[in-house]
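Asks: Let me begin by handing over the structure; questions about it come next.
Protein chains: 2
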Amino acid sequence: MTSNSETVHRVFEKLAVEVVQALEAYEPDERFQSTAWEHTGGGGGLSRLLLDGQCFEKAGVNFSHVRGTTLPTAAVETRPQLQGQPFEAIGVSVVAHPLNPYVPATHANIRFIGVPDHKGILPSFWFGGGFDLTPYYPFLEDCVHWHACAEAACRTYGKDLYPRLKEWCDRYFYLRHRQEQRGIGGIFFDDLVLEDFSTTLDFVTNVVHAFLEGYIPIVEKRRSHVWEKRQREFQLLRRGRYVEFNLLYDRGTLFGLQSLGRVDSIFMSLPPMTGWGNLDRYRDYVPERELGTFFLKARDWLDPALKDLYRKQETK
Amino acid sequence: MTSNSETVHRVFEKLAVEVVQALEAYEPDERFQSTAWEHTGGGGGLSRLLLDGQCFEKAGVNFSHVRGTTLPTAAVETRPQLQGQPFEAIGVSVVAHPLNPYVPATHANIRFIGVPDHKGILPSFWFGGGFDLTPYYPFLEDCVHWHACAEAACRTYGKDLYPRLKEWCDRYFYLRHRQEQRGIGGIFFDDLVLEDFSTTLDFVTNVVHAFLEGYIPIVEKRRSHVWEKRQREFQLLRRGRYVEFNLLYDRGTLFGLQSLGRVDSIFMSLPPMTGWGNLDRYRDYVPERELGTFFLKARDWLDPALKDLYRKQETK
Chain S
693 MTSNSETVHR VFEKLAVEVV QALEAYEPDE RFQSTAWEHT GGGGGLSRLL
743 LDGQCFEKAG VNFSHVRGTT LPTAAVETRP QLQGQPFEAI GVSVVAHPLN
793 PYVPATHANI RFIGVPDHKG ILPSFWFGGG FDLTPYYPFL EDCVHWHACA
843 EAACRTYGKD LYPRLKEWCD RYFYLRHRQE QRGIGGIFFD DLVLEDFSTT
893 LDFVTNVVHA FLEGYIPIVE KRRSHVWEKR QREFQLLRRG RYVEFNLLYD
943 RGTLFGLQSL GRVDSIFMSL PPMTGWGNLD RYRDYVPERE LGTFFLKARD
993 WLDPALKDLY RKQETK
Chain F
693 MTSNSETVHR VFEKLAVEVV QALEAYEPDE RFQSTAWEHT GGGGGLSRLL
743 LDGQCFEKAG VNFSHVRGTT LPTAAVETRP QLQGQPFEAI GVSVVAHPLN
793 PYVPATHANI RFIGVPDHKG ILPSFWFGGG FDLTPYYPFL EDCVHWHACA
843 EAACRTYGKD LYPRLKEWCD RYFYLRHRQE QRGIGGIFFD DLVLEDFSTT
893 LDFVTNVVHA FLEGYIPIVE KRRSHVWEKR QREFQLLRRG RYVEFNLLYD
943 RGTLFGLQSL GRVDSIFMSL PPMTGWGNLD RYRDYVPERE LGTFFLKARD
993 WLDPALKDLY RKQETK
């Protein structure tokens, strides 16, 4: 273990605990249950899962630190000189599927890949991660708040960082077969190295904090919203599309399965209960229709004109 | 339209109606709802869907007859001389997700691909199809009956046909990441041409009849079986694996999505309601455990020793 990866291990572990505590604050009775597991190649992880909570129907926080003897081909496309090198991967991933259809589902992830140089000099490393929001009954002000937090997390690291990572997120969370975004996005990055190691680690730490600053106030605001059978059924059908994305497109999921990873950890992201069916019967309801026609389109959520534009749409 | 494809169209349409009637016989109130649709490249289809029935939580019967200008690469691997040819595809696919966890889910499909020779001589064609059963609370006698029907459908077309298509089915319906079969199999074939056109058409007609002879008596026997919350929850979690197979591995689904086909028809096969979660809590229940340890393994269901073997297991 290099000293970089020791540092990342410590920081990531702490961040995982912060997220667990922030989510548990909304659960009067339920607590995350932890399962420690070992990786065949070395290392292991800690999966924390909360099920059937009052607020969260399912929430998961995975920490993992695994070693591998050979960097997967997918990981060295832009770094052919690292082909065949041993590596370490440290990551935290978070998913939340709230029970209340008015509280958005969310996902966040940070990861570090370190390749200790075989000559002992200049270890190579990079980071990846991001967060995204999947509302089923969105509120415009929540979407703006979410992206404002994302922008704030990026701002001090360069003016172009947020637009670049936001666009990357939109491109990634896209269901080609439905020509629809999975949610309202956020930020996404892979292969990221800023000025140096500690700057980049600071940035991903900020990413997790921005995630909590973005998500928790939305939970707070919407968790007591009244919902009925109609909203629950719509949420379940919409969750089907979440599953479609994860099983058809998500590279992390597919890579995990192909490398015969721990299935329960890989599928932690899947909603606990999901439906499939035709959404046509919701087309006469404004919020359900506008989810598709307005919210699930890649757009500039920080555009000041948005609120006026949206108000106009509402009064139509 | 060649005269072969006219014949197939007529026969397949009739078979679709037979299946619809056989399934509707178990529904005192609900009927299949039909939706006609057109294919961008020419032709179209008729999707029939029954939802929230007394017996079938979801059942679908799709008929389609579409034309294309260029055979997809995947289809010409074994027939390079047909590259770039226009083609016709005619198919019937059937899926049933019963409400009662003791009634197995099932899937059947027949398809015809015809390539009219551009010189007007000797049109090329082939058939594909099969059927498979996905029980959640299996009965050994049902599994044996199911495979006996499959064997009977193949018998007159060659002694090796059933073993070959049965093995093909086991190979196809396999979840690599879980190292588990999707169900107890049946038969599966692609690129099939027996002696000639009418022999092959006779065979696929037999396949649909064998499917009904296999499935209907099982529905009849198990549809009044008492079930409770435990069985329903187990069924929902198991359905998650059905979804995993269809979205991760099923070539028909993936091909349909990649070619931007009609999403509602492609996803007709997905269960109406599905769960994901850990099955560990069922490990002390014999039927749930034996589903995994005994039934979801590729095996010779017609082996006479099977019944004795199984009885021994039960009394352990």
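The listed protein sequences correspond, in order, to chains S and F.
So the mapping is simple: the numbering used here equals the position in the first sequence, first residue as 1, plus 692.
So the mapping is simple: the numbering used here equals the position in the second sequence, first residue as 1, plus 692.
Even for Gly, the Cβ is constructed at its ideal location relative to N, Cα and C.
Since this is a predicted model, take the numbers as computed values, not measurements.
(1) What are the boundary residues of the beta strand (DSSP E) that F/Lys921 is part of?
(2) Just tell me which of F/Glu698, F/Gln871 and F/Ile876 has its CA closest to the CA of F/Val758.
(3) According to DSSP, what are the bridge partners of S/Ala751?
(4) Short check: CB of F/Leu707 to CB of F/Val807, under 8 Å?
(5) In chain S, which residues lie less than 8 Å from F/Arg870 when you measure between Cβ atoms?
(6) Could you tell me which of F/Arg981, F/Gly953, F/Phe895 and F/Pro830 sits nearest to F/Val700, measuring between CA atoms?
(7) Which residue from F/Tyr941, F/Met960 and F/Arg922 puts its Cα closest to that of F/Arg975?
(8) Cα separation between S/His917 and S/Ile910?
(9) Mind checking if F/Thr798 is an interface residue toward chain S, Cβ cutoff 8 Å exclusive?
(10) Starting from S/Val787, find everything on chain F with Cβ-Cβ shorter than 8 Å and list it in chain order.
(11) So, helix, strand or coil for S/Gln725, using DSSP?
(12) May I ask you to report which of helix, strand or coil DSSP gives F/Arg847?
(13) Could you tell me the distance, in whole angstroms, from the CA atom of S/Ile813 to the CA atom of F/Asn970?
(14) Closer than 8 Å by beta-carbon distance: list the chain F residues that pair up with S/Asn754, in chain order.
(15) Closer than 8 Å, Cβ to Cβ, to anything on chain F: give me those residues from the segment 964–980 of chain S, in chain order.
(16) With the cut-off set at 8 Å, would you say F/Leu791 and F/Gln775 are in Cβ contact?
(17) Listing by chain order, which chain S residues have their CB less than 7 Å from the CB of F/Phe959?
(18) Suppose the cutoff is 6 Å on Cβ atoms and the five residues either side in sequence are ignored; what does the same chain contact list for F/Gln725 look like?
(19) With a CB to CB cut of under 6 Å and the five nearest residues on each side skipped, what residues in its chain are close to F/Cys835?
(20) Using the C-alpha atoms, what's the distance from S/Ala751 back to S/Leu743?
(21) Starting from F/Glu936, find everything on chain S with Cβ-Cβ shorter than 7 Å and list it in chain order.
(22) To which residues of the same chain is F/Arg924 closer than 7 Å at the C-beta, ignoring the five residues directly before and after it?
(23) Return no unless some Cβ of chain S is closer than 8 Å to the Cβ of F/Leu949.
(24) Would F/Phe823 pass as a contact of F/Gly878 if the rule is Cβ separation under 8 Å?
(25) Considering just the uninterrupted stretch of the alpha helix (DSSP H) at F/Ala697, what are its terminal residues?
(26) Given a cut-off of 8 Å on the beta-carbon distance, is the pair S/Val703 and S/Leu884 in contact?
(27) Using CA atoms only, rank isn't needed, just tell me which of F/Glu936, F/Trp818 and F/Phe986 is closest to F/Thr891.
(28) Let's test the definition: count the other Cβ atoms within 10 Å of the Cβ of F/Glu780 and tell me whether it reaches 16, buried, or not, exposed.
(29) In chain order, what residues of the same chain lie with their CB nearer than 7 Å to the CB of F/Leu661, ignoring the 5 residues before and after it?
(30) List the endpoints of the continuous alpha helix (DSSP H) containing F/Arg856.
(31) By Cβ distance below 6 Å, which residues in the same chain neighbour S/Val711 in space, the five residues on each side in sequence not counted?
(32) Give the interface partners of F/Leu983 over in chain S, defined as CB-CB distance under 9 Å, in chain order.
(33) Can you grab the Cα-Cα spacing for the pair F/Glu705 / F/Thr897, in whole Å?
Replies: According to the structure shown:
(1) Run containing F/Lys921: none in the beta strand (DSSP E); it sits in the alpha helix (DSSP H), Lys921 to Leu940.
(2) In this structure, F/Glu698 is the residue among F/Glu698, F/Gln871 and F/Ile876 with its C-alpha nearest to the C-alpha of F/Val758.
(3) When beta bridges are read from the DSSP output, S/Ala751 appears opposite S/Leu742 and S/Ala788.
(4) For F/Leu707 and F/Val807, no; Cβs fall outside 8 Å.
(5) Residues of chain S with a Cβ closer than 8 Å to the Cβ of F/Arg870 are, in chain order, Val955.
(6) The residue with the shortest Cα to Cα distance from F/Val700 is F/Phe895.
(7) F/Arg975 has its Cα closest to that of F/Arg922, out of F/Tyr941, F/Met960 and F/Arg922.
(8) Approximately 11 Å between the Cα atoms of the pair.
(9) For F/Thr798, the nearest beta carbon of chain S is not closer than 8 Å to its own beta carbon.
(10) Under the 8 Å cutoff, chain F gives no residues; its nearest Cβ is about 11 Å from S/Val787.
(11) Correct three-state label for S/Gln725: strand.
(12) Three-state DSSP puts F/Arg847 in a helix.
(13) Low confidence applies here, because S/Ile813 scores a pLDDT of 44, under 50, leaving its location unreliable; read the following figure in that light. Each residue's Cα considered, the two are about 44 Å apart.
(14) What S/Asn754 touches in chain F: nothing, since even the nearest Cβ is about 14 Å away.
(15) Of all residues in the segment 964–980 of chain S, Pro964, Met965, Thr966, Gly967, Trp968, Gly969 and Asn970 have a Cβ within less than 8 Å of some Cβ in chain F.
(16) Contact flag unset, no.
(17) Simply Trp968.
(18) Same-chain partners within the cutoff: Leu741.
(19) The residues are Ile876 and Trp993.
(20) Cα to Cα, the separation comes out at about 7 Å.
(21) Under the 7 Å cutoff, chain S gives Leu939.
(22) The residues are Pro793.
(23) Taking CB atoms only, F/Leu949 has a neighbour in chain S less than 8 Å away.
(24) F/Gly878 is positioned such that its CB atom lies closer than 8 Å to that of F/Phe823.
(25) Sequence check: residue 697 of chain F is Ser here, not Ala. Boundaries of the alpha helix (DSSP H) harbouring F/Ser697: Ser695 to Glu716, taken from the DSSP string.
(26) For S/Val703 and S/Leu884, no; Cβs fall outside 8 Å.
(27) With distances taken between CA atoms, F/Thr891 lies nearest to F/Trp818 out of F/Glu936, F/Trp818 and F/Phe986.
(28) It is buried - the Cβ of F/Glu780 has at least 16 other Cβ atoms within 10 Å.
(29) Since the first and last residues shown for chain F are 693 and 1008, residue 661 of chain F lies out of range.
(30) If you look at F/Arg856, you'll find it in the alpha helix (DSSP H) that goes Leu853 to Tyr864.
(31) A distance below 6 Å between beta-carbons, with the five flanking residues on each side excluded, links S/Val711 to the following residues of its chain, in chain order: Val753 and Val786.
(32) One finds nothing in chain S with a Cβ atom closer than 9 Å to the Cβ of F/Leu983; even the nearest lies about 17 Å away.
(33) Going by the C-alpha atoms only, they are around 11 Å apart.
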